[in-house]
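Participant:
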Amino acid sequence: MNSPEQTLSIIKPDAVERNLIEDIKSIFIQNNLSIKDNKKIHITKEEAAEFYKVHQSKPFYNDLCSYLSSGPIVVLILEGEDAISKNRKLMGATDPKNAKENTIRKLYGISIDKNSVHGSDSAENAKKEIEFFFKN
Ligand code: CMP
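Residues 5 to 140 (our numbering) make up the sequence shown, in order.
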C-alpha cells in the first residue's frame, strides 16, 4: 500500500457563495480523503497573483487573480492514498462543460473561470501550495 499523500484544495468564491462548502467536503470524505486542516479566508489580488504565478503569461491571468480574490474561499489540506490524482479525478475537467458526470465541476461548476474548485496538479505543487496557505 502506498503511503498517504497530501494535496491542496480550494473551494472557490462561486461555490462558497452558493453554500456548497459542506457538499464539496462530503464528496472528499466519501472518497476517503480526510480533511487535515481547512479555513475560510479572503485573499488579496496580490496574494492570488502570487499563488497563480505559474499562469502569469496566460491571457486569463489577470481575470483569474481578480476572481480568486473576489470573495471568501475555503482552503483545505486533503490527505489519503493517491490524494493528488484522486482529488483531480473528483474535480473533473477544468472546463465544467467537458467534465464527466458526478465530478465536482460537472455538478457545481458554472464556467471555466467559476469552476468551483482548484486542486494541486503534482506532488511538487501540492507541497508549495500547502505551504503557501498553511505554513506561515
Ligand atoms: P484552476 O485549476 O484553479 O487553475 C487555473 C485556473 O484558471 C483554472 O482552474 C480555471 O478556473 C482558470 N482558467 C480560465 N481560463 C482558462 C483556460 N483557458 N485554460 C485553463 N484554465 C483557465
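Beta carbons: idealized from backbone N, C-alpha and C, even for Gly.
#1: Buried or exposed for Phe137, please, with buried defined as at least 16 other CB atoms from any protein chain shown within 10 angstroms of its CB.
#2: So, using beta-carbon positions, are Asn35 and Leu111 closer together than 9 angstroms?
#3: By Cβ distance below 6 angstroms, which residues in the same chain neighbour Thr48 in space, the five residues on each side in sequence not counted?
#4: Any chance the CB of Arg46 is under 8 angstroms from a heavy atom of ligand 1?
#5: Apart from the five residues just before and just after Ala53, which ones in its own chain have a Cβ nearer than 7 angstroms to its Cβ?
#6: Looking at ligand 1, does it come within less than 8 angstroms of Tyr56, judged from the CB to the closest heavy atom?
#7: Suppose only complete runs of 4+ residues qualify. What are the alpha helix (DSSP H) ranges in the segment 66–119, listed by chain order?
#8: Using 8 angstroms as the Cβ pair cut-off and three pairs as the minimum, do the segment 77–84 and the segment 13–27 touch?
#9: Would you say the beta carbon of Gly96 comes nearer than 8 angstroms to a heavy atom of ligand 1?
#10: Measuring straight from C-alpha to C-alpha, what distance separates Ile116 and Lys62?
Facilitator: Checking against the coordinates, here is how it stands:
#1: If you draw a 10 Å sphere on the C-beta of Phe137, you find 16 or more other C-beta atoms in it, and that means buried.
#2: No, these two residues do not count as a Cβ contact at 9 angstroms.
#3: Close CB contacts of Thr48 within its chain, under the 6 angstroms cut and outside five residues either way in sequence, are with Ser73 (chain order).
#4: The identity of residue 46 in the sequence shown is His, whereas the question assumes Arg. No, the Cβ of His46 stays beyond 8 angstroms of every heavy atom of ligand 1.
#5: Within the same chain, Ala53 has close Cβ partners Cys69.
#6: For ligand 1, at least one heavy atom lies less than 8 angstroms from the Cβ of Tyr56.
#7: With a minimum length of 4 residues, the continuous alpha helix (DSSP H) runs that stay inside the segment 66–119 are 87–95 and 108–112.
#8: Counting Cβ pairs under 8 angstroms, three or more are found: they touch.
#9: Gly96 Cβ: outside cutoff for every heavy atom of ligand 1.
#10: Taking the straight line from one Cα to the other gives about 14 angstroms.
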